[in-house]
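Quick mapping for you: the protein sequence lines, in order, are chains A and B. One gets the numbering used here by counting positions in the first sequence from 1 and adding 21 to each. One gets the numbering used here by counting positions in the second sequence from 1 and adding 21 to each. Below is one structure, written out as structure tokens; the observations come after it.
Protein chains: 2
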Amino acid sequence: MAKIAIMGFGTVGAGVAEVARRNQEIIARRLGEEVYVKYILDVRDFAGSPYADRMIKDFSVIENDPEVEVVVESIGGAKVALDFTRRALLAGKHVVTSNKELVATHGRELLEIAREKNVNYLFEASVGGGIPVLRPLFQCLAGNEIEEIYGILNGTTNYILTRMVQGGISFADALKEAQAKGYAEKDPTADVEGIDAGRKICILSDLAWGKEVSPADISMEGISSIHLTDVDIAAAAGYRVKLLGRAMRLENGKQAAYVAPHLVSISCPIATVDDVFNGIMIRGNAVGDVMFYGRGAGDLPTASAVMGDVIDAVQHREKRRNLGWSQGAALVSAAELPMKWYLRGNFSLDDARTVCGQAEELRTGAVITGAMTETQAKAAAGKLGAVSMLRVL
Amino acid sequence: MAKIAIMGFGTVGAGVAEVARRNQEIIARRLGEEVYVKYILDVRDFAGSPYADRMIKDFSVIENDPEVEVVVESIGGAKVALDFTRRALLAGKHVVTSNKELVATHGRELLEIAREKNVNYLFEASVGGGIPVLRPLFQCLAGNEIEEIYGILNGTTNYILTRMVQGGISFADALKEAQAKGYAEKDPTADVEGIDAGRKICILSDLAWGKEVSPADISMEGISSIHLTDVDIAAAAGYRVKLLGRAMRLENGKQAAYVAPHLVSISCPIATVDDVFNGIMIRGNAVGDVMFYGRGAGDLPTASAVMGDVIDAVQHREKRRNLGWSQGAALVSAAELPMKWYLRGNFSLDDARTVCGQAEELRTGAVITGAMTETQAKAAAGKLGAVSMLRVL
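Okay, here's the thing in structure tokens:
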């Protein structure tokens with residue numbers, strides 16, 4: 022029997038307890054032993070909970086109990102979660118988490134401790150919720166040089182953008198709707214400003230190229246200033262506006278990562294990923310393009326990924342998974358990457374061609390340029406008096 | 022250094038050699054040791070090949086060389102490949118394959134030998150080519166009760182159906198085009214009659230529910246009798262005709278698997294999987310729907326999956342992957358599964374409602390019925406004088 026502890030009994034923690042209970046038999050059959058939730062750590066009281074007998078408030082109980090093999094960290098944030106994760110690893114316990122903030126900011130250090138203590142630190146649920154994507158990336162695609170990763174990494178903003186295009190409503194109204202449905206938080210900043218997606222693209226980048234890319238080092242642009250007009254023009258011309266996290270390896274061996282809204286052609290499978298769903302495209306030099314699609318959040322989907330990691334940690338209790346990354350990524354700013362741009366304003370196609378060299382008209386006063394850096398695009402937008410500019414995938 | 026042998030130097034075998042060469046450094050960095058192709062077994066001569074010094078014709082060289090840790094079987098078929106795989110496993114070597122016919126028909130027996138000899142028999146490339154799908158299924162989703170799997174498992178037929186809907190050409194013409202492009206073989210039977218997809222849905226089913234489902238035990242219907250008229254009517258009504266492999270767990274604990282063309286609503290992500298691409302949807306009781314998308318065939322994509330398995334086999338050289346399935350699946354015939362049907366003929370909507378109880382008109386003389394078994398649908402089609410009938414997902 023593998024005994025585990027859950028730290029943080031919020032949405033994810035409760036989901037993990039529920040999956041462990043509901044799928045107890047099938048998990049035991051696949052793993053060859055039972056997974057038993059011995060403790061649930063939370064500062065709050067849960068009187069009447071079916072887990073009341075296992076609720077504890079003191080982390081040291083977990084830390085000092087040699088029976089606890091795997092600790093699920095679903096506290097969130099990078100303060101208490103960091104302290105407890107560090108201590109759990111140092112106590113020789115495997116740690117599994119859904120905490121993208123912690124992995125993105127302290128993953129390197131925590132994986133280093135895990136290596137020293139010969140335990141696993143696994144975090145499949147930190148990107149794409151329940152969608153299997155990190156393990157496929159570092160394991161199934163291990164024979165590839167990864168060239169690029171891009172995707173819809175945040176369900177809240179994808180819901181908002183989907184409602185804008187399908188419902189013809191503004192960002193502000195779509196956000197209110199998302200909040201009413203529980204898809205967006207009261208303070209939606211981390212979602213709508215691209216911070217959540219930024220943490221996830223950092224983790225994908227860390228795993229793909231083995232060099233740490235910190236959220237602080239990349240540019241993140243959200244969707245709060247997206248105009249419905251541009252969403253509509255794009256849609257009529259066969260594009261969808263999507264908030265993408267992107268990371269790529271450049272020909273000079275350097276790399277880049279950023280988050281920004283993009284126009285995506287509907288011929289690209291990512292464009293048809295709607296509502297709260299996530300879709301992540303990975304391009305390898307052997308496999309070509311592969312995409313992973315599903316629910317990027319929610320209690321049970323996230324718990325599915327956590328439980329997959331718990332099972333994996335137990336299966337690798339003797340010989341840990343060789344995971345980790347080092348410092349020293351050679352980052353190129355997103356502003357220096359040449360790409361096509363969407364510009365809208367009170368200008369003619371001829372004007373646009375004069376200023377940008379190359380331009381394709383979506384409708385009067387709305388064009389897609391040839392490849393330009395952000396600096397060049399901003400200069401062109403200035404000359405043309407453009408009121409909107411967006412990247413094109 | 023991990024020394025491997027490749028058996029069969031066709032498309033896949035040559036792809037594996039190419040990926041091992043091209044991505045040598047990155048593979049060594051990830052694995053912590055080099056992967057070296059020591060032998061390539063083929064009955065043919067490859068004079069002037071850069072691998073000429075490693076080409077052999079006698080399997081016993083591989084069998085008797087203790088240095089060879091992993092054998093890649095890319096021979097195909099279930100005769101020589103079966104013999105060599107069995108002998109390689111008995112000789113204590115890990116075997117990695119892309120051979121869906123062999124895994125679908127003899128996987129249970131070969132995994133049993135692998136277990137006895139404590140070696141790995143891995144076959145990610147046998148389903149979905151380069152797309153990571155089997156490992157995500159048995160590992161990342163191990164915390165789920167799998168409820169259903171369906172998908173486009175054959176690129177050749179998907180190319181043909183895509184050309185029919187996009188090019189407005191008949192099955193026969195689209196097949197000729199696919200053959201000219203090298204997507205379809207001279208004898209396209211295994212692809213167009215659903216046999217290839219059938220083998221793959223059996224493997225998915227074996228892994229999902231742990232019980233052997235043999236290709237001989239399931240019904241397989243291909244696309245050779247699909248009329249362009251029906252493809253067009255479906256397209257105009259918001260559906261795509263797709264050849265799906267489907268497998269599901271029923272409420273009574275029994276299971277079903279089959280291959281047949283279906284109408285798929287374009288609101289389903291599987292409907293937009295076009296050309297030679299594959300898309301596989303897996304529904305788990307925790308994760309909900311997740312989809313895996315990419316190139317389901319081709320030398321390098323398939324080699325990507327094979328190389329991922331080679332790396333995994335080496336990482337698990339001491340403690341093998343716990344994979345396998347037993348006999349005794351309780352199968353329900355696809356004919357007994359209630360589902361909606363598309364019927365076309367010279368009948369009115371009222372006729373259809375009288376006969377089927379429930380019917381939705383796509384256009385005059387073309388309806389989608391309520392849920393019925395195949396027997397019921399055939400009876401209804403007979404009464405209505407329908408000339409076409411297709412399942413609806």
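The C-beta atom is built at its ideal place from N, Cα and C for all residues, glycine as well.
Residue range of the unbroken beta strand (DSSP E) whose run includes B/T390: Here residue 390 of chain B is taken as the residue at index 369 of the second sequence, counted from 1. B/T390 -> beta strand (DSSP E) spans A387 to T390.
Simplified DSSP state of A/K399, which is helix, strand or coil: Sequence index remark: in the first sequence, residue 399 of chain A carries index 378 (1-based). For A/K399, the three-state secondary structure derived from DSSP is helix.
Selection of the segment 126-153 of chain B by Cβ proximity to chain A, strictly under 8 Å: E145, G151, I152 and P153
Any C-beta of chain A under 9 Å from that of B/L52: Translated into positions along the second sequence, residue 52 of chain B becomes position 31. At least one CB of chain A lies nearer than 9 Å to the CB of B/L52.
Residues in the segment 286-312 of chain A having any Cβ partner in chain B nearer than 8 Å: P290, T293, V294, G305, N306, A307, V308, G309, D310, V311 and M312
Contacting residues, own chain, Cβ-Cβ under 7 Å from B/V124 (five flanking each side not counted): Mapped onto the second sequence, residue 124 of chain B falls at position 103. Cβ within range, chain order: T118, F144, S147 and I224.
Presumed contact (8 Å Cβ cut-off) between B/N14 and A/N343, rounded CB distance: As displayed, chain B neither begins before 22 nor continues past 414, which places residue 14 of chain B out of reach and without an answer.
CB of B/A355 within 9 Å of CB of B/C377, strictly: Reading the second sequence from its first residue, position 334 is the one you call residue 355 of chain B. Reading the second sequence from its first residue, position 356 is the one you call residue 377 of chain B. With contacts defined as CB atoms closer than 9 Å, B/A355 and B/C377 fail to qualify as a contacting pair.
B/P71 classed as buried or exposed, judged by whether at least 16 other C-beta atoms fall within 10 angstroms: By one-based count along the second sequence, residue 71 of chain B stands at place 50. Under this definition B/P71 is an exposed residue.
Option nearest A/A237 by Cα separation, candidates A/Y279, A/E39 and A/N367: As a first step, residue 237 of chain A is located in the first sequence; it is residue number 216 there, counting from the start. Considering only alpha carbons, the answer is A/Y279.
Contact belief for B/V101 with B/V327 at Cβ below 8 Å, rounded distance in angstroms: Position 80 of the second sequence holds residue 101 of chain B. Position 306 of the second sequence holds residue 327 of chain B. That pair is no contact at about 18 Å.
Closer than 9 Å to chain A by CB, B/L271: In the second sequence, residue 271 of chain B corresponds to position 250, counting from 1. Chain A contact via Cβ: absent.
B/V91 versus B/V140 - alpha carbon distance: To locate residue 91 of chain B, count along the second sequence from 1; it is residue 70. To locate residue 140 of chain B, count along the second sequence from 1; it is residue 119. The straight-line gap from Cα to Cα measures roughly 9 Å.
6 Å Cβ shell around A/Y363 - same chain, five flanking residues per side excluded: Translated into the one-based positions of the first sequence, residue 363 of chain A becomes position 342. L284, I389, L411 and V413, listed in sequence order.
Buried versus exposed, by CB contacts within 10 Å (16 or more), A/F67: Your numbering for residue 67 of chain A matches position 46 in the first sequence. Here A/F67 is exposed, its C-beta having fewer than 16 other C-beta atoms within 10 Å.
Contact set between the segment 332-356 of chain A and chain B, restricted to residues whose Cβ is under 9 Å from the partner: Here the close residues are I332, D333, Q336, H337, E339, K340, R342 and N343.
Interface residues of chain D facing B/N165 [CB-CB closer than 7 Å]: Of the protein chains in this structure, namely A and B, none is chain D.
Residue range of the beta strand (DSSP E) that includes A/F298: For this step, residue 298 of chain A is matched to residue 277 along the first sequence. That run of the beta strand (DSSP E) goes F298 to G305.
Cβ neighbours of B/D295 in the same chain (closer than 6 Å, five flanking residues each side left out): Indexing the second sequence from 1 puts residue 295 of chain B at position 274. Sequence-distant partners of B/D295 (beyond 5 residues in either direction) whose C-beta falls short of 6 Å from its own C-beta, in its chain, are T183.
Anticipated Cβ contact below 8 Å, B/D310 with B/G36, distance rounded: Residue numbering aside, residue 310 of chain B sits at position 289 when the second sequence is read from its first letter. Residue numbering aside, residue 36 of chain B sits at position 15 when the second sequence is read from its first letter. The pair is not a contact, with the Cβ atoms about 31 Å apart (cut-off 8 Å).
Check whether B/V116 and B/V82 have beta carbons under 9 Å apart: On the second sequence, position 95 is the one that residue 116 of chain B refers to. On the second sequence, position 61 is the one that residue 82 of chain B refers to. The answer is no: Cβ separation not under 9 Å.
Contact with chain B by A/L265, beta-carbon distance below 9 Å: Looking up residue 265 of chain A in the first sequence gives position 244. Not closer than 9 Å to any Cβ of chain B, the Cβ of A/L265 fails to qualify, so no.
Cross-chain neighbours of A/Q379 in chain B, by beta carbon under 7 Å: As a first step, residue 379 of chain A must be located in the first sequence, where it is residue number 358. Those do not exist, as A/Q379 stays about 28 Å from chain B at its closest Cβ, beyond 7 Å.
A/Y57 vs A/I77 beta-carbon contact at 9 Å: Reading the first sequence from its first residue, position 36 is the one you call residue 57 of chain A. Reading the first sequence from its first residue, position 56 is the one you call residue 77 of chain A. No, they are not a contact pair.
Nearest residue (CA-CA) to B/A350, options B/A318, B/A407, B/A387 and B/A277: In the second sequence, residue 350 of chain B corresponds to position 329, counting from 1. Comparing Cα-Cα distances from B/A350 to each of B/A318, B/A407, B/A387 and B/A277, the minimum goes to B/A277.
Own chain partners of A/I291 with C-beta closer than 8 Å, once the 5 adjacent residues on each side are dropped: For the purposes of this step, residue 291 of chain A is identified with residue 270 of the first sequence, where counting begins at 1. For A/I291, where only same-chain residues beyond five positions count, the Cβ hits under 8 Å are Y171, G172, I173, K263, L265, V285, G300, M302, M312 and L414.
Whole-angstrom C-beta distance between A/P359 and A/A392, which should lie under 8 Å: Within the first sequence, the letter at position 371 stands for residue 392 of chain A. Within the first sequence, the letter at position 338 stands for residue 359 of chain A. The Cβ separation is near 4 Å, so the contact holds.
CA nearest to the CA of B/D333, picked from A/E272, A/K361 and A/K340: In the second sequence, residue 333 of chain B corresponds to position 312, counting from 1. For B/D333, the closest alpha carbon among the candidates A/E272, A/K361 and A/K340 is that of A/K340.
Segment limits, beta strand (DSSP E) that includes B/G277: Against the second sequence, residue 277 of chain B aligns to sequence position 256. A small correction: the amino acid at residue 277 of chain B is Ala; Gly does not occupy that position in the sequence shown. It spans Q276 to S286 - the beta strand (DSSP E) in which B/A277 sits, taken as one unbroken run.
First and last residue of the uninterrupted alpha helix (DSSP H) at A/G455: In the structure displayed, chain A extends from 22 to 414; residue 455 of chain A sits before or after that span and is not available.
Closer than 9 Å to chain B by CB, A/G36: Taking the first sequence and counting its residues from 1, one reaches residue 36 of chain A at position 15. So yes, A/G36 belongs to the interface.
Whole-angstrom distance between B/A205 and A/E169, CA atom to CA atom: Walking along the first sequence from the start, residue 169 of chain A turns up at place 148. Walking along the second sequence from the start, residue 205 of chain B turns up at place 184. Rounded to whole angstroms, A/E169 to B/A205 spans 30 Å at the Cα level.
Contact set between B/Y416 and chain A, taken where Cβ atoms lie within less than 9 Å: Beyond the ends of chain B as shown, which are 22 and 414, falls residue 416 of chain B; an answer cannot be given.
Identified DSSP bridge partners for B/M76: Counting from one through the second sequence, the residue named residue 76 of chain B turns up at place 55. Beta-bridge pairing links B/M76 to B/I61.
Helix, strand or coil at A/S369 according to DSSP, with G and I counted as helix: For this step, residue 369 of chain A is matched to residue 348 along the first sequence. Coil.
Backbone secondary structure at B/E39 - three-state DSSP: Position 18 of the second sequence holds residue 39 of chain B. Of the three classes helix, strand and coil, the one that applies to B/E39 here is helix, per DSSP.
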